[in-house]
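In my numbering, each residue's number is its place in the sequence shown (first place is 1) plus 99. Below: one structure, written as structure tokens.
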Amino acid sequence: MERLRRRLDALEAEMEPLKRRIEGLRAEAERWKARRDELRGEIAKLRGEAEKLKEELRSRRGRIRELRRRARELRGEARKKWEEARLIEEEVKTQRRGIPPRRTLSERLREIEWRIITTPTREMLRREEDLLREEAELRNLLKRHEELERRRDEALMMRAEAEALRLEARRCLEEAEKLSGEVEELQRRLNLLWEGVKPLKERRDEAHREYVRRREEIKGLKMRLGELRAEAERVRTRLRELEREREERRQRALRERLEAMRREAERKLREGGKLTLEELRLIYGEEPP
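So this is what it looks like as structure tokens:
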């Protein structure tokens with residue numbers, strides 16, 4: 100145990116200068132950090148306007164790209180709608196050639212409906228199937244006319260949408276051209292501001308390197324300190340274990356001595372001998388004070 104205590108003392112003695120060195124390095128690191136932050140503040144004053152200009156520049160360039168992209172998309176959509184409208188109109192024109200005019204179909208349908216109503220029943224029985232078939236065909240043809248009208252309206256709507264898209268594309272390009280002139284002036288002002296920031300950034304970076312160097316040294320010392328503390332804790336744990344084992348041995352020896360005394364008291368009692376108060380307590384399971 101004495102050897103372990105000496106080792107514990109040696110570990111604690113080794114840890115003390117490490118703690119002092121860490122504290123010294125922390126103070127130095129804080130000074131370099133303060134200097135770095137001071138330089139950052141000076142840079143921020145100069146860079147504030149530069150960042151604002153930079154953001155405006157990014158915003159305008161982004162807006163120009165977006166406007167030009169949007170103009171391309173709008174033109175593409177307009178072309179698609181013109182083409183779709185053209186195809187629909189050709190389709191409607193072609194399909195109308197294959198069916199009679201709507202007016203002719205409507206007149207014939209009314210004529211058939213009137214015949215169905217007015218034709219006598221006996222005569223109607225002979226012609227009913229033909230009339231009903233023709234009526235169904237006429238209604239189908241009229242539905243085709245309605246569908247073609249709907250498709251024609253759809254084509255007209257597409258042409259109107261295409262023209263609106265074309266006008267919007269032209270407006271986008273005009274706005275992009277205006278913004279391009281603003282971008283050049285913003286870039287010139289931004290370059291002038293960055294020239295004032297550069298030397299301060301170099302001094303700031305140097306202060307940061309000094310700060311980081313000390314933090315790295317602190318990290319290494321703390322690692323070593325942690326190793327020493329871990330070993331010291333292992334030594335303390337071992338000392339506690341040894342102390343516990345010694346106490347257990349002492350308690351075991353005490354119990355053995357009391358057991359021997361109890362057996363001796365029981366022997367005296369069997370032989371009619373006179374017992375002391377302590378011996379009586381042992382017999383009745385009490386430990387002597």
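Beta carbons: idealized from backbone N, C-alpha and C, even for Gly.
Sub-9 Å separation of residue i and residue j beta-carbons
i    : j    : result
R249 : E188 : no
I121 : I317 : yes
L289 : L145 : no
R162 : A275 : yes
E51  : A359 : This structure cannot settle anything about residue 51, because the visible part of the chain is limited to 100 through 388.
L152 : A331 : no
L110 : L320 : no
R169 : C271 : yes
R232 : Q194 : no
Which listed residue (the options) has its alpha carbon closest to that of residue i
i    : options                : result
L173 : A263, Q194, M257, L247 : A263
K179 : E260, G372, K321       : E260
E315 : L124, A235, M114       : L124
E246 : R119, I198, D108       : I198
K367 : R232, E355, I382       : I382
K118 : G372, R369, G325       : G325
R238 : L266, T203, R265, R270 : T203
L241 : P200, L320, R270       : P200
E148 : W213, R354, G295       : G295
E154 : K132, K192, R308, Q286 : Q286
E176 : W293, R265, L299, L320 : R265
R323 : M114, R105, L291       : M114
Rounded distance between the beta-carbons of residue j and residue i, thought under 8 Å
i    : j    : result
L103 : L338 : 5 Å
R139 : R313 : About 18 Å separates the two Cβ atoms, so there is no contact after all.
R135 : A306 : 4 Å
E183 : M257 : 6 Å
Per-residue burial, residue i [other beta carbons within 10 Å of its own, 16 or more giving buried]
i    : result
R159 : buried
L255 : exposed
W213 : exposed
A128 : buried
L186 : exposed
L376 : exposed
L166 : buried
Short CB-CB distance (under 9 Å) between residue i and chain B
i    : result
R168 : As a matter of chain content, chain B is missing from the structure shown, which is built from one protein chain.
Proximity test, residue i beta-carbon vs the ligand FMN heavy atom, cut-off 8 Å
i    : result
L247 : Of ligands this structure carries none, so the ligand FMN is not represented either.
request  = Only counting runs of 4 or more residues, tell me where the alpha helix (DSSP H) segments fall wholly within the segment 257 to 304, in order along the chain.
outcome  = Counting whole runs of 4 or more residues, the segment 257 to 304 contains no alpha helix (DSSP H) stretch at all.
request  = Mind listing, in chain order, the continuous alpha helix (DSSP H) runs of no fewer than 4 residues lying wholly within the segment 304 to 382?
outcome  = Whole alpha helix (DSSP H) segments, 4+ residues: 376 to 382.
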